[in-house]
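The block underneath contains the structure these notes are about, expressed in structure tokens.
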């Protein structure tokens with residue numbers, strides 16, 4: 002079982018751990034050291050046991066707060082996932098049929114007038130070119 006030297010609050014400790022777990026131990030010790038450094042800067046030098054206890058309690062408090070946040074987020078996530086599933090289960094909405102109102106008479110009259118003008122212009126153009134209407138001659 003390997004032994005790892007860690008530093009917490011400026012004090013050295015030799016700690017045994019499982020093979021391959023050294024990295025995790027060093028990471029945990031770093032977290033504890035950060036809390037111990039905060040304590041040392043606020044309170045000053047403490048006995049090792051008290052410093053470790055206080056730093057551990059501070060980490061436990063942070064962990065409890067994060068666990069509470071995580072539970073709240075998991076609950077919110079569950080509600081969102083349920084809403085998504087509910088929306089997916091809904092049938093596709095029926096297409097909306099839009100009915101266009103009746104075209105006003107003045108619009109149809111204007112269109113008829115424009116068509117008559119176009120026909121008159123085409124007839125005048127054909128007359129200038131000397132084109133005869135073979136359909137009307139038959």
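Numbering (my numbering), first residue to last: 2 to 139.
The C-beta atom is built at its ideal place from N, Cα and C for all residues, glycine as well.
CA-CA distance, residue 60 to residue 40, rounds to 12 Å. In the three-state reduction of the DSSP assignment, residue 95 falls in the coil class.
In this structure, residue 27 sits away from residue 15, with a CB-CB distance that is not shorter than 8 Å.
The C-beta of residue 21 has fewer than 16 other C-beta atoms within 10 Å across all chains shown, which makes the residue exposed.
Around residue 30, the same chain offers 7, 9 as residues with beta carbons nearer than 7 Å, after the five sequence neighbours per side are excluded. In the assembly as shown, residue 74 is an exposed residue. Its beta-carbon has fewer than 16 other beta-carbons within 10 Å. If you draw a straight line from the Cα of residue 109 to the Cα of residue 117, it is about 12 Å long. Pairing residue 63 with residue 3, the inter-Cα distance amounts to about 29 Å. Assigned with DSSP and collapsed to three states, residue 51 falls in helix.
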